[in-house]
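If you're matching positions, the sequence shown starts at 171 in the numbering used here and goes up one per residue.
From the three backbone atoms N, C-alpha and C, an ideal C-beta is built for every residue, glycine too.
Everything below concerns the one structure shown next.
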Amino acid sequence: MLVIEYKIKAKLHQYKAIDEAIRTAQFVRNKCLRYWMDAPKDAKINRFALNNYSTVLREEFSFVKDLNSMAVQASAERGWAAISRFYENCKNHQPGKKGFPRFQRDNRSVEYKTSGWSLHRTKRRIAITDKKGIGELKLLGKWDIHTYPVKSIKRVRLVRRADGYYCQLVIDTEIKEQFEPTGNAIGLDVGLEYFYTDSNGHQEENPRFLRKAEQAIKHAQRRLYKKEKGKNGRRKARKRFAKKHLRVSRQRNEHAKKLARNVCKSNDLVAYEDLSVRNMVKNHCLAKSISDAGWSQFRQWIEYFTCKFERVAVAVAPQYTSQKCSNCGAIVKKSLSTRTHVCKCGCRLNRDQNAAVNILNLALQARDGQSQSNAVGVGTSTLLGATLVEQVLTLSTESPALLPGECQLRPHASPQTSTILEIKQYSRKS
């Protein structure tokens with residue numbers, strides 16, 4: 171799937187109508203969750219049962235009936251996506267919290283399927299044809315959708331962000347890029363001092379976007395708290411505060427995307443650590459720095475570009491990659507403050523470069539031994555029971571995933587440009 175995103179230009183009453191449609195979608199999803207929670211234990215609640223219940227909601231509430239029927243159905247599917255994810259986590263005995271479905275209070279999007287909208291013949295305007303009063307919206311962006319037939323547009327989503335409203339069009343197509351093999355392989359060790367260090371010794375600077383903008387964010391936050399609740403001044407201050415966070419998230423995502431693309435274009439095999447960032451951020455001393463680095467985003471982009479460029483991505487277990495000597499294999503104990511690896515065999519390397527070389531060696535061993543390949547030819551290997559991401563989003567630019575049940579990514583879009591996203595779902599491999 172290809173997702174093209176445009177910024178919306180409309181009138182004030184149209185923005186209010188979009189907000190009303192978004193609130194209705196949230197209401198339907200929450201009512202479906204309540205219906206599932208209150209159902210008897212012997213009742214079989216599945217996706218089709220929730221779709222049928224959404225029809226009952228349309229008959230019971232007039233404001234739900236004003237929303238397009240397929241948009242109501244898509245909202246019910248969002249509720250089922252949360253329920254099915256909870257069931258799957260329980261079935262797989264996932265450690266820790268299983269993700270019990272929760273009620274939404276800050277939904278920011280409404281999704282239409284193949285009805286409820288009409289694209290203008292110039293394909294620069296889109297009209298929402300339900301009874302919410304949204305009407306015709308002007309699309310701002312540089313992406314040209316004239317090459318795609320209207321029938322290939324499977325979904326339309328209206329998204330509210332801190333800097334305005336966006337329209338996302340999901341197109342049933344596929345994009346591939348062909349590159350000649352380079353014969354190169356690289357190992358990556360991510361860190362806080364440097365964003366990553368590769369097995370060739372190159373160190374990429376850590377931009378620290380949040381740290382640089384932290385003073386301005388705190389100033390905006392203080393101004394927000396000084397405003398009286400319920401007043402327009404507080405609403406404007408909250409919007410300024412949200413814009414600053416949105417800008418940081420966009421910078422971080424763009425940085426990770428650019429680096430991952432360059433790495434995957436110049437190497438046939440990319441090896442990286444299978445880090446559990448969720449557990450690492452529990453360290454309150456390093457949580458902000460780890461989150462600011464954006465390691466998970468960087469990994470997602472690597473997995474995407476290796477698929478798109480028909481390269482190989484290998485995730486290896488991180489145990490002992492920093493302590494083990496990349497030359498002789500001996501274990502050299504060192505603390506985090508020790509930044510140079512010195513071994514009795516005469517090997518003297520930067521600590522992170524030594525770890526990157528170990529990561530590459532483990533990946534090559536895995537490829538020679540028990541590697542697995544998915545349908546698109548991307549090899550995935552794991553060591554010591556570590557698992558790769560079960561569902562990988564193939565992302566071409568900044569937009570978040572559109573389909574229900576997919577993981578959400580931080581949005582990153584220029585106000586005057588549209589964005590593209592490709593969504594794929596991989597079969598599970600372990």
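In the displayed model, leucine 358 falls within a strand according to three-state DSSP.
Secondary-structure assignment with DSSP links glutamine 264 through no beta bridge to anything. Glutamine 338 and aspartate 314 have their alpha carbons spaced roughly 13 Å apart. Checking the DSSP bridge columns, you'll see aspartate 368 partnered with Leu358. Ranked by Cα distance from tyrosine 176, the first of Val340, Ile345 and Glu384 is Val340.
Here phenylalanine 273 really is in contact with leucine 203; their C-beta atoms are around 6 Å apart, less than 8 Å.
Secondary structure remark: continuous beta strand (DSSP E) runs of at least 3 residues inside the segment 484-523, in chain order: 510-512 and 518-520.
For tryptophan 287, the secondary structure class from DSSP, reduced to helix, strand or coil, is strand. Boundaries of the beta strand (DSSP E) around serine 279: 279-282. The continuous beta strand (DSSP E) containing alanine 297 extends over residues 295-298. As DSSP reads the structure, tyrosine 336 sits in a beta bridge with Lys177 and Val329. When the five nearest sequence neighbours on each side are left out, the beta carbons in the same chain lying within less than 8 Å of the beta carbon of alanine 383 are those of Lys414, Arg417 and Val418, in order along the chain. With contact defined as three or more Cβ pairs closer than 8 Å, the segment 176-187 and the segment 232-239 are not in contact.
By the beta-carbon neighbour count (other beta carbons within 10 angstroms, threshold 16), aspartate 208 is exposed. Exposure of arginine 448 is indicated by the presence of fewer than 16 other C-beta atoms within 10 angstroms of its C-beta.
DSSP places glutamine 470 in no beta strand (DSSP E) but in the uninterrupted alpha helix (DSSP H) bounded by 465-478. Judged by DSSP secondary structure, tyrosine 318 falls outside any beta strand (DSSP E); it is assigned neither H nor E.
Between the beta-carbon of alanine 297 and that of serine 288 there is about 5 Å, and that keeps the pair under the 8 Å contact cut. Between the C-alpha atoms of glutamine 385 and glutamine 348 there is a straight-line separation of about 44 Å. Rounded to whole angstroms, the Cβ separation of asparagine 354 and asparagine 432 is 12 Å, and the two are not in contact under 8 Å.
At least 7 Å separates the beta-carbon of tryptophan 471 from that of lysine 435. In this structure, the straight-line span from the alpha carbon of alanine 500 to that of lysine 494 is close to 6 Å.
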